[in-house]
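The block underneath contains the structure these notes are about, expressed in structure tokens.
Now the structure itself:
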């Protein structure tokens, strides 16, 4: 697993934990950065968690609008964390090609969630990717 893939997994872990504990992910991240009790936090993990949190309202709006038959409340928490990270990279991380953002999210879903999750993540992010250029123009 490459450095960015590891950073993505760590970001999903932090986003997931923050959601379960009902705390701000950036505050949780700040507690971990520089702590001797946990492994060092990669700079890209920081970028991802801060980026997701900064754009969370828009990310959740887009996920809710484009998910078919699923509300955000019904989605497994791990899938939601993966989707939020994947959508952040898809729309706001200009150095990450769209297919890479989607593939990395699918790989995280394979690693962390149910057997159906990779297909769900791929389908939802793929639908949004078809209009990504138009969405980026309005961000």
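Numbering (UniProt numbering), first residue to last: 1 to 139. Ideal Cβ placement from N, Cα and C applies to all residues, glycine included. Remember, predicted model here, so these are calculated numbers, not experimental data.
If you reduce the DSSP assignment to three classes, tell me which class residue 111 lands in. Here residue 111 refers to the residue found at position 111 of the chain shown. Residue 111 falls in the helix class under three-state DSSP.
Using three-state DSSP, classify residue 86 as helix, strand or coil. Mapped onto the chain shown, residue 86 falls at position 86. It is helical.
Per DSSP, what kind of secondary structure is residue 54 in: helix, strand or coil? Indexing the chain shown from 1 puts residue 54 at position 54. DSSP places residue 54 in helix when its eight states are reduced to three.
Taking buried to mean at least 16 other C-beta atoms within 10 Å of its own C-beta, is residue 75 buried or exposed? Position 75 of the chain shown, counted from the start, is the residue given in the question as residue 75. Counting of Cβ neighbours within 10 angstroms places residue 75 among the buried residues, the total reaching 16 or more.
Residue span of the alpha helix (DSSP H) that contains residue 117, given as start and end: For the purposes of this step, residue 117 is taken as the residue at position 117 of the chain shown. DSSP places residue 117 inside the alpha helix (DSSP H), whose first and last residues are 117 to 129.
Helix, strand or coil, according to DSSP, for residue 71 in the structure here? The count along the chain shown starts at 1 and reaches residue 71 at position 71. It is coil, neither helix nor strand.
Assign residue 141 to one of three DSSP states: helix, strand, or coil. Coverage of the chain is limited to positions 1 through 139, which leaves residue 141 absent and any answer about it impossible.
Nearest-angstrom Cα distance between residue 109 and residue 13? Reading the chain shown from its first residue, position 109 is the one you call residue 109. Reading the chain shown from its first residue, position 13 is the one you call residue 13. Cα-Cα distance, rounded: 12 Å.
Mark residue 136 as exposed unless 16 or more other C-beta atoms lie within 10 angstroms of its C-beta, in which case mark it buried. On the chain shown, position 136 is the one that residue 136 refers to. Counting Cβ neighbours within 10 Å, residue 136 comes out exposed, since fewer than 16 surround it.
Are the Cβ atoms of residue 53 and residue 26 separated by less than 8 Å? Against the chain shown, residue 53 aligns to sequence position 53. Against the chain shown, residue 26 aligns to sequence position 26. Residue 26 is positioned such that its CB atom lies closer than 8 Å to that of residue 53.
Would you call the region 111 to 121 in contact with the region 69 to 89, where contact means no fewer than 3 C-beta pairs closer than 8 Å? In short, these stretches touch, since the Cβ pair count reaches three.
Beta-carbon gap between residue 125 and residue 87 smaller than 8 Å: Position 125 of the chain shown, counted from the start, is the residue given in the question as residue 125. Position 87 of the chain shown, counted from the start, is the residue given in the question as residue 87. Yes. Within cutoff.
Taking the straight line between their C-alpha atoms, what separation do you get for residue 36 and residue 94? One-based indexing of the chain shown puts residue 36 at position 36. One-based indexing of the chain shown puts residue 94 at position 94. Cα to Cα, the separation comes out at about 33 Å.
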